[in-house]
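Student:
Protein chains: 2
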Amino acid sequence: MATHKREHFTTAEQELAVIAKALGHPARVAILRLLTQRRACVCGELVLELPISQSTVSQHLKGLKTAGLVQGEVDGPRVCYCIDPAGWARARQLLGDLLAELPVPTTGCAC
Amino acid sequence: MATHKREHFTTAEQELAVIAKALGHPARVAILRLLTQRRACVCGELVLELPISQSTVSQHLKGLKTAGLVQGEVDGPRVCYCIDPAGWARARQLLGDLLAELPVPTTGCAC
DNA sequence: TTTTATAATCGTAAATCGACGATAAACGAA
DNA sequence: TTCGTTTATCGTCGATTTACGATTATAAAA
């Protein structure tokens with residue numbers, strides 16, 4: 285049932301969309317998993333694991349950093365990346381809320 | 285540590301990316317919520333709620349349908365949309381796995 | 001200082017996205 | 001059949017994404 289037209293999207297909707305967009309590429313999902321498993325840390329190691337070039341990996345890392353999911357600290361000529369605790373906690377929260385809010389429906393369309 | 289370069293991304297990574305990409309726009313997140321809350325069902329009702337045009341809503345519905353998150357059945361001149369149980373169950377599974385696999389790290393970068 | 005290793009950025013190209021208005025298609029009702 | 005309602009599609013446009021090689025920092029090592 286329609287109430288009235290919304291002016292904007294909610295902050296939560298936009299925030300979740302930013303997170304989801306960051307997860308919206310297999311390379312970025314793979315990077316997050318490699319970082320948590322500590323199978324890779326430095327950008328060059330990620331490049332060795334992934335089927336994409338160095339510049340593309342760097343670009344994806346930038347995207348993940350912009351979304352707040354990853355942080356990197358300079359370590360000599362290298363950069364050590366890891367999951368950003370605060371940002372990832374927020375992402376988990378938003379995704380968890382979504383899963384809680386949208387259970388698998390038992391009934392189909394009911395118009 | 286690097287083992288050896290991967291040829292492709294895994295199926296799970298790609299599948300999750302498809303789901304995440306579908307969630308990567310506030311309009312689509314809003315649509316999913318409206319559908320589960322049964323605050324809207326028919327396309328026209330969604331249009332009345334959302335700050336975007338009819339053609340754009342239809343476009344987003346198509347995207348959600350392609351991702352397998354939503355299904356629609358024709359009801360006279362209208363189309364009744366609802367969450368696709370199987371597709372959404374799969375999406376929940378993949379997102380849940382991600383949350384389980386990637387806990388919030390306690391330690392920061394450790395290179 | 002010069003070299004070497006690493007990562008970020010630049011420039012570019014192709015593809016996709018997101019939005020809209022306009023039009024077409026589908027269907028029930030008159 | 002014709003009309004009115006609803007939804008999908010078309011065409012368009014600008015912006016964004018994804019990819020790459022080449023180049024430019026950056027910093028340690030020689």
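Chain order of the listed sequences is A and B. According to the working numbering, the first sequence is numbered sequentially starting from 285. According to the working numbering, the second sequence is numbered sequentially starting from 285. Using N, Cα and C, we set each Cβ at its ideal position, and we do this for glycine too.
#1: Within 8 Å of any Cβ in chain A, is that where the Cβ of HIS344/B sits?
#2: Just verifying my parser: in three-state terms, what is the DSSP assignment at GLN321/B?
#3: Please tell me whether LEU318/A and GLU333/A are closer than 8 Å, where the distance is taken between their beta carbons.
#4: Do LEU379/B and LEU383/A have their beta-carbon atoms positioned less than 8 Å apart in this structure?
#5: Should ASP368/A be labelled buried (16 or more other beta-carbon atoms within 10 Å of its own) or exposed?
#6: CB-CB under 7 Å to TRP372/A, same chain, minus the five flanking residues each way: which ones, in chain order?
#7: Quick check on ALA364/B: does DSSP put it in helix, strand or coil?
#8: Any beta carbon of chain A sitting closer than 8 Å to that of GLN298/B?
#9: Can you confirm whether THR320/A, when its beta carbon is compared against all beta carbons of chain B, has any partner nearer than 8 Å?
#10: Please classify LEU392/A: does DSSP put it in a helix, a strand, or coil?
#11: What is the DSSP secondary structure of GLU291/A, reduced to helix, strand or coil?
#12: Quick one, which residues of the stretch 360–375 of chain A are near chain B if we go by CB-CB under 8 Å, in chain order?
#13: Considering only the beta carbon of each residue, do ALA301/A and LEU330/B sit closer than 8 Å?
#14: Using 8 Å as the threshold, is the C-beta distance between CYS327/A and LEU345/A below it?
Tutor: Checking against the coordinates, here is how it stands:
#1: Sequence index remark: in the second sequence, residue 344/B carries index 60 (1-based). Closer than 8 Å: no.
#2: Taking the first residue of the second sequence as 1, we reach residue 321/B at position 37. Three-state DSSP puts GLN321/B in coil, outside helix and strand.
#3: Position 34 of the first sequence, counted from the first residue, corresponds to residue 318/A. Position 49 of the first sequence, counted from the first residue, corresponds to residue 333/A. Contact annotation: LEU318/A and GLU333/A have beta-carbon atoms nearer than 8 Å.
#4: To locate residue 383/A, count along the first sequence from 1; it is residue 99. To locate residue 379/B, count along the second sequence from 1; it is residue 95. Closer than 8 Å, so yes.
#5: Along the first sequence, one-based indexing puts residue 368/A at 84. By the neighbour-count rule (16 or more Cβ atoms within 10 Å), ASP368/A is buried.
#6: For this step, residue 372/A is matched to residue 88 along the first sequence. So the qualifying residues of the chain are LEU353.
#7: The residue labelled residue 364/B in the question sits at position 80 within the second sequence. The amino acid at residue 364/B is misidentified as Ala; the sequence shows Cys. CYS364/B falls in the strand class under three-state DSSP.
#8: Position 14 of the second sequence, counting from 1, holds the residue named residue 298/B. Answer yes: the Cβ-Cβ gap between GLN298/B and chain A drops below 8 Å somewhere.
#9: What you label residue 320/A is simply residue 36 of the first sequence in a count that begins at 1. For THR320/A, the answer is yes, since a Cβ of chain B falls inside 8 Å of its Cβ.
#10: Here residue 392/A is taken as the residue at index 108 of the first sequence, counted from 1. According to the sequence as given, residue 392/A is Gly; it is not Leu. The answer is coil: DSSP assigns GLY392/A none of H, G, I, E or B.
#11: Position 7 of the first sequence, counted from the first residue, corresponds to residue 291/A. Coil.
#12: ARG362, CYS364, TYR365, CYS366, ILE367, PRO369, TRP372 and ALA373
#13: The residue labelled residue 301/A in the question sits at position 17 within the first sequence. The residue labelled residue 330/B in the question sits at position 46 within the second sequence. Contact flag unset, no.
#14: Taking the first residue of the first sequence as 1, we reach residue 327/A at position 43. Taking the first residue of the first sequence as 1, we reach residue 345/A at position 61. In this structure, LEU345/A lies closer than 8 Å to CYS327/A by Cβ.
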